[in-house]
Structures are given as structure tokens and as C-alpha cells.
Amino acid sequence: MSQAMPALKDCPPIDRHFARLMVRLEKTDVPGLEYAAALASYVVAQGHVCLPRAVFAGDSELDALAECSVVGRPGDFTPLILDGAGRLYLQRYWAYENALIQAVRRRLPEEGTRKKESLEKQIAMAFAGVADETQLLAVSRAVNLPLSLISGGPGTGKTYVAALAMIALAEDAVAEKKTIRFALSAPTGKAAARLKEVLEKGLDKIGCQEAARAMLTVEAKTLHRLIGMTPDSLHCKYNLANPLPVDVVIVDESSMVDLPMMTRLFAALRDDVRVILIGDQNQLSSVEAGHVFGDLAMVFQNGSNPAFTQLLRNYRSEEHGAIARLAQEVNEARTDTALELLRTEPAGVAARVFSKTASMTQHLKELVMRHWGGVASAATVEEAMELFSGFRILCATRAGMWGVESLNRQTEEAMETMMLSKSGGFYKGQPILILQNDYQIGLFNGDIGMVWPDANGVLQVYFTGETGLRAVSPARLPQHETAYAMTIHKSQGSEFGSVLMIVPPGDLPVLTRELVYTGVTRARKHLELWYDESAFRVAVGRRIQRWSGLQDGLKGDALFLL
4 MSQAMPALKD
14 CPPIDRHFAR
24 LMVRLEKTDV
34 PGLEYAAALA
44 SYVVAQGHVC
54 LPRAVFAGDS
64 ELDALAECSV
74 VGRPGDFTPL
84 ILDGAGRLYL
94 QRYWAYENAL
104 IQAVRRRLPE
114 EGTRKKESLE
124 KQIAMAFAGV
134 ADETQLLAVS
144 RAVNLPLSLI
154 SGGPGTGKTY
164 VAALAMIALA
174 EDAVAEKKTI
184 RFALSAPTGK
194 AAARLKEVLE
204 KGLDKIGCQE
214 AARAMLTVEA
224 KTLHRLIGMT
234 PDSLHCKYNL
244 ANPLPVDVVI
254 VDESSMVDLP
264 MMTRLFAALR
274 DDVRVILIGD
284 QNQLSSVEAG
294 HVFGDLAMVF
304 QNGSNPAFTQ
314 LLRNYRSEEH
324 GAIARLAQEV
334 NEARTDTALE
344 LLRTEPAGVA
354 ARVFSKTASM
364 TQHLKELVMR
374 HWGGVASAAT
384 VEEAMELFSG
394 FRILCATRAG
404 MWGVESLNRQ
414 TEEAMETMML
424 SKSGGFYKGQ
434 PILILQNDYQ
444 IGLFNGDIGM
454 VWPDANGVLQ
464 VYFTGETGLR
474 AVSPARLPQH
484 ETAYAMTIHK
494 SQGSEFGSVL
504 MIVPPGDLPV
514 LTRELVYTGV
524 TRARKHLELW
534 YDESAFRVAV
544 GRRIQRWSGL
554 QDGLKGDALF
564 LL
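Each residue of the sequence shown is one higher than the one before, starting from 4 at the first, in my numbering.
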């Protein structure tokens, strides 16, 4: 998704301040330097890693920039880096990207790499009948290659494949009288807990030797915890000088991982550590800078590299086929077919076109009471959280009548009769969404909790983490908001039994194919979509574009076919 660049005077203050600093450091007047520096800073906040030359400079301006003392070439230690393709980077983001490129290339399969026959036989024998052909191929690649990517939509068994790979590796270690150390991780606590749950289900379904099971008894952690991120610092406990003491790392929901975090992860690993990345390349990019999983998938897929496996068969489609079909139509940009599917309203999908606002407002109240009316009267916080997780309102934007802020207010008004007295603005059954990382408390952007009284009747906020429920005092919460409605971006990594998704009228830049696809695929059993047809058409026809040099950096002689 391309975007218009703001004029210098319209850039945020922090970007203009950085640009003025570059001009002062340069000391001589260089045409275009201030604006280029401001944009290089600005685009990082928009999710890009660098600024392409076509956006900010012609040939003469590029030549002038290249001669600046504050602008260096790749490898120089200058505030700005200009690469051979004319991409302008902030120094830190060029360093992140270059470090990740080198780490990935060191893990690419060498020409002539052979599979381990004992592992192949074990996979074929142990998992016959419990995985399809493509899943078995993904398992084989995961256990044989230093780096593997497993991509697929909801219901395709991505996490299940990773569990099978872990079982195979553990059994092989037992056979060779060795040990193998695993690390399970994900961007959020909820996703980490789900990864652990899927592994345990896989163990129960397939079984393995006790010695192997002992190796698989491992805690799932957020990426922040795994690498030991230091509060209010870029420092990590585990890094190049002090690598993680593990042999295999599995990261679920990898499409949510931004460039700085992915770079820190690889920096914390020895080169011989096996890395298995699980995600959906068609989902939205990470909130912060980069589109790492999507870029890696694109390079490996186009190069027919065995490190990448795409899982296509949706095992939920037989029961909830309409949601899967709608997601596929959107993903393949078949807008007319998608709209026709919405008009027919097959089982599992309902749709309303924006036309009669009053009736939609009334219907919102009915949906809210139907799904959440019993949350506050639940017997336990666990029961309340389970009821709440069965339904969610997903919005394209925060602002506007059909944005998060408005819908949260409307929902609270609809539930006002169910609420008990508020204490400091909080009330029993109130869902809370964390908006800011707090490493000391261990809460991160995107975490969802529930306000509930403890044994003494004092309101606490309960969160599901890697090790189960934990309570946090409301007074200690980092920046947060009520979470009946949330943006589709924030919903990544979560699934809900039923979803109300809203694509409002207007040509909003945030409306893209990836946004619609991600929203649709958050629903497991039922999706209700409120949409404006014109906005829906624009969204499905528009793709996200994230500027970076990652794909170009990986397309080299290090890519081989097996």
C-alpha cells in the first residue's frame, strides 16, 4: 500500500527535530537533506524500514545526499544510510535489517543438503494417519533444515505441525542417546499459551516415550521473556555474546513479529540452533516496522526454497465452510464473488450493508446482550473470560462512529444495566486491552485482561499468561483501554467463536485486502460483517506495501534448491 508523503511542515515534531539535527551536523546547506531526513524518520512510524528513492529524491538530489557527512554507505556508522538501490535508512534500521539478512542466510540449506533417513522413516511411521501429505512435508522440512517457515490460514494445522516436529526431534534424540532443548515462543502471552496447549494435545493424541516427553515439557514464553528484554532499554539478556541455551526455537504467530524483535531473536541464537517460524503470510504486517515473515515467505516461495511450506487444507471448512470460502475469495481478490457470497448469507456468515444507521445501532445492542449479557454474573473470572472470548467486535479504525472508541461507548451503554458500581472507573466484568509494553510488570501491547474481584472483594485485572491466570492491580496497569471493540490489527493472534466485523463507508487508507482477510479469519464459527460495498471493493483491491530491502538482501547466491 503506497501512501502520500507529508510536506516537511506537516511531519510530526520528532521527525522535524531529527531533520534539523541532521542539518546542524552537516554544517553546509545540502538541498533536500532536511526533508529526506524527516521522511526517513517518519516512515518508520508508518511501519516501513526505509525510504525508497522514488519517494524522496531525483538523481541530482540523490547525488547530493550521497556526499553528505551524515549519510553513509552500508557498513558506515552515520546517522543515515543510503544503499546501492537508493534506499535511505535510519542507521539503526539498516543495522537491524542487515543483521537479520546475514543470520537468515547462514541458515539457508546448502546445495546438496540431504535429509536424515532415520528421521524420515520415523515421521512416516509415527504420523501416518494423523497428518496429511503437506503437513508431513512441513514436518520433514522442520526437522531437517536449520530454518523453516510454515504458513497457512486458521484451521490448516500450522501449530500442530510444529508439535509433530518437536515430537520427532525428541524421539530421535532419545534414539541417539542425546538430549535436545526446545524453546516455545510467540509475540503475546495468549499466543504462547496456545502454542503450549497445542503441543500437549499433540502429545496426548500421538504419544511418545517418557524420555522424549520429558524433553518436551517446556514453558512457552513471549519473545520478550525468551530473550530477556530489559525494561526501558534495547539491551537483551541473551545476545551474540550470551546466546540462549537451546537447540530448537519455535515461534508461533510470526507474522506479528517486527524487524527489531526478529533481529534480536536471531542475535540471541547460535548458528546451529534450528528455527521454526509459524505464521500466515496473508495476514496484516506487524504493527511496528517491517513485514519480516511475509518477506521471507515471498523470497522462499518464489525461489522454490524448501525452507517454506504453505498449508492449504482448512480442517474447519467442512463445519464452517462459508468463513473459509470468504477468506479465500478476499485473499485472491475475487471481489464480486466475495460480495455474492455475503449477499446469499450461507450458514456461518451474516451481512448488513450500511444504509440504516438506527437499525444497526439497535442490532448492536441485541448482539451485545446476547453474547455478553452474562459476563458480569459469571461464577468465576475463568468463566467470565471464557464467555467474553466467545464474541468480539472488530473495527477497521479507532475513530469515527464505527471505530473502536465509539463502539466501546455504545457497548457500555447497552450493558449499563448489567454493570455493578465502578471503583476508580473500573467495574466487574470489564475487559481491558493493554496498549503499551511494561517489561517490569510483564504486560505487553495487545494483552487482554478482565476486571474481577479477588477473594477479598477488591477489583483486580486478570490476564492469561504463559503459566495461567495472574492478577494485576488496576493502579499498576500501563496505558490501556476498555476492549469490547478492538481494531483488526490488535486482534492478530486471537480467534473468537463469533465476530462482528465492520468495514465502514469511506476510502480509508487503512482498508486493505490484508485487513479484511485478517478480520474474517478471526471468526471460528460465525462471522457477521457490516460493510459499505464501495469501501469493501476498495479494500479488497488494495494491498499493503512495506518498504524494506529484506527481500533484495536475501535474493543472492545463498539460495539453493534441494
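Ideal placement from N, C-alpha and C gives every residue a C-beta, glycine not left out.
CA nearest to the CA of Ser258, picked from Leu237, Asn285, Arg267, Val249: Stepping through the sequence shown from its first residue, residue 258 is reached at position 255. Ser258 has its Cα closest to that of Asn285, out of Leu237, Asn285, Arg267, Val249.
Segments of 4+ residues assigned as alpha helix (DSSP H) that fall wholly inside the region 306-379: 324-334, 338-347, 360-375
Own chain residues within Cβ distance below 8 Å of Asn440, not counting five before or after: Residue numbering aside, residue 440 sits at position 437 when the sequence shown is read from its first letter. Counting only Cβ-Cβ distances below 8 Å, and skipping sequence neighbours, we find His227, Leu446, Phe447, Asn448, Pro481.
Between the CA atoms of Asn459 and Glu415 - distance to the nearest angstrom: The count along the sequence shown starts at 1 and reaches residue 415 at position 412. The count along the sequence shown starts at 1 and reaches residue 459 at position 456. Their backbone Cα atoms lie some 26 Å apart in a straight line.
DSSP-derived helix/strand/coil call for Tyr38: Looking up residue 38 in the sequence shown gives position 35. Here Tyr38 sits in helix by DSSP.
Sufficient close CB pairs (3 or more, under 8 Å) joining the region 90-103 to the region 39-46: Yes: the two stretches touch, three or more of their Cβ pairs being nearer than 8 Å.
Cα-Cα separation between Thr182 and Arg110, rounded to whole angstroms: Locating residue 182 in the sequence shown gives position 179, counting from the first residue. Locating residue 110 in the sequence shown gives position 107, counting from the first residue. Taking the straight line from one Cα to the other gives about 22 Å.
Under the three-state DSSP convention, the category Ile547 falls into: In the sequence shown, the residue the question calls residue 547 occupies position 544. Of the three classes helix, strand and coil, the one that applies to Ile547 here is coil, per DSSP.
Arg184, enclosing alpha helix (DSSP H) - first and last residue: Counting from one through the sequence shown, the residue named residue 184 turns up at place 181. Careful: Arg184 lies outside any alpha helix (DSSP H) and carries neither H nor E.
Val378 versus Arg525 - alpha carbon distance: Position 375 of the sequence shown, counted from the start, is the residue given in the question as residue 378. Position 522 of the sequence shown, counted from the start, is the residue given in the question as residue 525. Answer to the nearest angstrom: the Cα atoms are 21 Å apart.
Phe499 vs Arg395 beta-carbon contact at 8 Å: As a working note, residue 499 is residue 496 in the sequence shown. As a working note, residue 395 is residue 392 in the sequence shown. Going by C-beta atoms, Phe499 is nearer than 8 Å to Arg395.
Proximity winner among Ala171, Ile170, Ile279, Arg346, relative to Ser188 (alpha-carbon distances): Numbered from its first residue, the sequence shown carries residue 188 at position 185. Looking at the Cα atoms, Ile279 is the closest of the given residues.
Buried or exposed (CB count within 10 angstroms, at least 16 for buried), Arg545: Taking the sequence shown and counting its residues from 1, the one referred to as residue 545 is at position 542. It is buried - the Cβ of Arg545 has at least 16 other Cβ atoms within 10 Å.
Cross-strand partners of Ile84 (DSSP beta bridge): Here the question's residue 84 lines up with position 81 in the sequence shown. Answer is Gly75, Tyr92, bridged to Ile84.
Proximity below 8 Å, CB of Met453 to CB of Gly428: Walking along the sequence shown from the start, residue 453 turns up at place 450. Walking along the sequence shown from the start, residue 428 turns up at place 425. No. Outside cutoff.
Span separating the alpha-carbon of Pro477 from that of Gln463: The residue given as residue 477 occupies position 474 in the sequence shown. The residue given as residue 463 occupies position 460 in the sequence shown. Approximately 6 Å between the Cα atoms of the pair.
Sequence ranges, alpha helix (DSSP H) only - wholly within the region 476-539, length at least 4: 516-523
Touch test, the region 229-245 against the region 56-72, Cβ-Cβ under 8 Å, three pairs minimum: Touching, no.
Cβ neighbour criterion (16 or more within 10 Å) applied to Ser143: Here residue 143 refers to the residue found at position 140 when the sequence shown is read from its first residue. Ser143 counts as buried, since at least 16 other C-beta atoms from the protein chains shown sit within 10 angstroms of its C-beta.
Range covered by the alpha helix (DSSP H) that runs through Phe391: In the sequence shown, the residue the question calls residue 391 occupies position 388. For Phe391, the enclosing alpha helix (DSSP H) covers residues 384-392.
Which listed residue (Ile253, Leu436, Asp298) has its alpha carbon closest to that of Asp555: Position 552 of the sequence shown holds residue 555. Checked all of Ile253, Leu436, Asp298; the closest Cα to Asp555 is Asp298.
Enclosing beta strand (DSSP E) for Gly155 [first to last residue]: As a working mapping, residue 155 is identified with position 152 in the sequence shown. Note, Gly155: beta strand (DSSP E), 150-155.
Other residues of its chain near Phe80: CB distance less than 8 Å, five sequence neighbours each side excluded: Against the sequence shown, residue 80 aligns to sequence position 77. The beta carbon of Phe80 is closer than 8 Å to those of Gln94 in its chain, skipping five residues each way along the sequence.
Sequence-distant residues of its chain with Cβ nearer than 6 Å to Ile505 (five each side left out): As a first step, residue 505 must be located in the sequence shown, where it is residue number 502. In the same chain as Ile505, and ignoring 5 residues on each side of it, the C-beta atoms closer than 6 Å to its own belong to Cys398, Trp405, Trp533, in chain order.
Heavy atom of the ligand GTP within 7 Å of His227 beta-carbon: No copy of the ligand GTP occurs in the structure displayed, which carries no ligand at all.
Contact the region 209-216 vs the region 507-522: 3+ CB pairs below 8 Å: no
Candidates Gly160, Thr485, Ala350, Ser392: closest to Arg401 by CA position: Counted from its first residue, the sequence shown places residue 401 at position 398. For Arg401, the nearest C-alpha among the options comes from Thr485.
Three-state secondary structure (DSSP) of Gly205: As a first step, residue 205 is located in the sequence shown; it is residue number 202 there, counting from the start. Reduced to three states, the DSSP call for Gly205 is helix.
Cβ-based burial, Asn305 [other Cβ within 10 Å; buried from 16]: Within the sequence shown, the letter at position 302 stands for residue 305. Asn305 is exposed by the Cβ-count criterion.
Environment of Arg273 [buried if 16+ CB atoms lie within 10 Å]: Taking the first residue of the sequence shown as 1, we reach residue 273 at position 270. Under this definition Arg273 is an exposed residue.
Ile126 to Ala171 span [Cα, whole Å]: Here the question's residue 126 lines up with position 123 in the sequence shown. Here the question's residue 171 lines up with position 168 in the sequence shown. Taking the straight line joining both Cα atoms gives about 7 Å.
Leu223 versus Ala244, Asp339, Val251, residue with shortest Cα-Cα distance: Against the sequence shown, residue 223 aligns to sequence position 220. Checking the displayed sequence, the identity of residue 223 turns out to be Ala instead of Leu. Ranking the options by Cα distance to Ala223, first place goes to Val251.
Sequence-distant residues of the same chain with beta carbon closer than 6 Å to Leu150, five excluded per side: For the purposes of this step, residue 150 is identified with residue 147 of the sequence shown, where counting begins at 1. The answer, listed in chain order, is Arg110, Val278, Ala310.
8 Å CB neighbourhood of Ala186 in its chain, flanking five on each side removed: Looking up residue 186 in the sequence shown gives position 183. These residues qualify, in order along the chain: Val221, Lys224, Leu229, Leu247, Val249, Val251, Val252, Ile253.
Counted within 10 angstroms of its Cβ, other Cβ atoms place Thr364 as buried (16 or more) or exposed: Residue 364 sits at position 361 when you count from the first residue of the sequence shown. Counting the other Cβ atoms within 10 Å of the Cβ of Thr364 gives fewer than 16, which makes it exposed.
Span separating the alpha-carbon of Arg549 from that of Pro77: Residue mapping note: residue 549 aligns to position 546 of the sequence shown, counting from 1. Residue mapping note: residue 77 aligns to position 74 of the sequence shown, counting from 1. Roughly 20 Å separates the two Cα atoms.
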